[in-house]
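Contents: one structure, followed by commentary.
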């Protein structure tokens, strides 16, 4: 801990007095625009657009950045809702990532009891409405800081669609859109404030489509070849396979099409699979075994099978040099305090939680720094293997909230989510200021990056396929 404390002290001393004062100005400037950014986040929360269909959400963020002097390049990487917004010139080039896709099947009002929104098919159960907005706020604040301090450098906002299963950033990495970037900053909504470096699970996703023959299920079943039988046969084999994979492996699926009526032998059926593991090579191996199960099921039920890879991401490569600097900034900013109304919301929504519930305190504190092993997946992983990348999380949900839940949707639509969003915007802004102000920090980050990557050569797990723009349809 003594060495860690010394590192934090050196980071703080490496930034000039002018920059330290400017940091305070930046934080005040972000706070002054909190109402504007809250309005933007709530609009995206209402849009609740799923991957590659975030037309309104993407357009709103593009408009926000354009009004602040950014030059926007639309439709990058073959994705209509992806974009890059840039300001400034020369080195260093600092990138801030922004997401904005929602999740299907989770539409919820901003109240502490389960109350789906009628007519809405998706919701921001992972808080990406806050993610994109805070990142845009940070990019704008950094742009203003560059101007005020007459600093050379480029700030870029990467509008990255379809993080939830669509692997939007992967196409950007594959197209070389990060090749001149010096460092990447990002964040994610969470029930806690943290800047600890962490890993994540690599994953591969895809849809298995089976084609059989329809027939009357009672009068002529011998003429039918059930595509649903093929799906069920595949699932049985994969579920037996679970006993024979490594403990860290995660396999999950949903049957997206299973037929139209019980009295009609299904001529078409589809199942959607995810495979995850900390090691991308293990993901590849398990995926091939699942493919074999699909082929066997098709053969055994006299069906044909088509397989579409819809996504695939690398594990996250942490950069502790940058993480320590991010942690120092987050500690400087501190958490936030919930008011009486927010506390009441938190107590009521915690009643819906199962298992052990963490204590609800008015002040959302900063978690202690430590290296963490992640249990989820993100396409930020691919970015982190081509350029030094740092992230943090801000408490936008009630303690104990699980991501991808109606409780996350609800809290993300309240002032709790908005307060956490502003913590993230400030943290990323201060991190960027450090990178512009301290060349040594950037050099040390690259030194660590090169030591960890060695002779690594990037190869996308999705192969050469174009973006799966209809994967949510």
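Residue numbers (the working numbering): 2 to 474.
Backbone N, C-alpha and C define an ideal beta-carbon position, used for all residues, glycine too.
Taking C-beta atoms as the reference points, residue 457 and residue 389 fail to come closer than 8 Å.
Under DSSP, the beta-bridge partners assigned to residue 103 are 51. Linking residue 360 to residue 346 through their CA atoms gives a straight-line distance of about 14 Å.
The distance from the Cβ of residue 79 to that of residue 467 is about 6 Å, consistent with a contact at the 8 Å cut-off. Ranked by how close their Cα comes to the Cα of residue 242, the residues 276, 317 and 192 have 276 in first place. Distance from residue 149 to residue 23 at the Cβ level is roughly 7 Å; contact confirmed, criterion being Cβ atoms closer than 8 Å. For residue 190, the enclosing beta strand (DSSP E) has its first and last residue at 184-191. Contact check for residue 194 against residue 424 passes: the beta carbons are separated by less than 8 Å.
As far as DSSP is concerned, residue 150 takes part in no beta bridge. Within the DSSP secondary-structure output, residue 197 pairs in no beta bridge. Taking C-beta atoms as the reference points, residue 320 and residue 440 fail to come closer than 8 Å.
Assignment of residue 404 by DSSP, reduced to helix, strand and coil, places it in the coil class. Within the same chain, 226 come within 6 Å of residue 303 by CB-CB distance, once the 5 residues on both sides are set aside. Put simply, the backbone Cα of residue 253 is about 10 Å away from that of residue 236.
The DSSP-derived three-state label of residue 428 is helix. Straight across, the Cα-Cα distance linking residue 428 with residue 328 is about 9 Å. With fewer than 16 other CB atoms across the displayed protein chains lying within 10 angstroms of its CB, residue 459 is exposed. Of all C-beta pairs linking the segment 392-408 to the segment 360-380, three or more are shorter than 8 Å, placing the two stretches in contact.
The count of Cβ pairs closer than 8 Å, one atom from the segment 160-177 and one from the segment 57-66, reaches three, so the stretches are in contact.
By the CB criterion at 8 Å, residue 128 and residue 206 fall outside the cutoff.
Rounded to whole angstroms, residue 214 and residue 473 show a C-alpha spacing of 26 Å. For the pair residue 287 and residue 311, the CB atoms are not nearer than the 8 Å cut-off.
For residue 256, the enclosing beta strand (DSSP E) starts and ends at 251-258. Here residue 204 is bridged, per DSSP, to 277 and 314. Within a 10 Å sphere around the beta-carbon of residue 94 sit 16 or more other beta-carbons, which makes this residue buried.
The alpha helix (DSSP H) runs of length 4 or more contained entirely in the segment 342-397 are, from start to end of the chain, 381-385.
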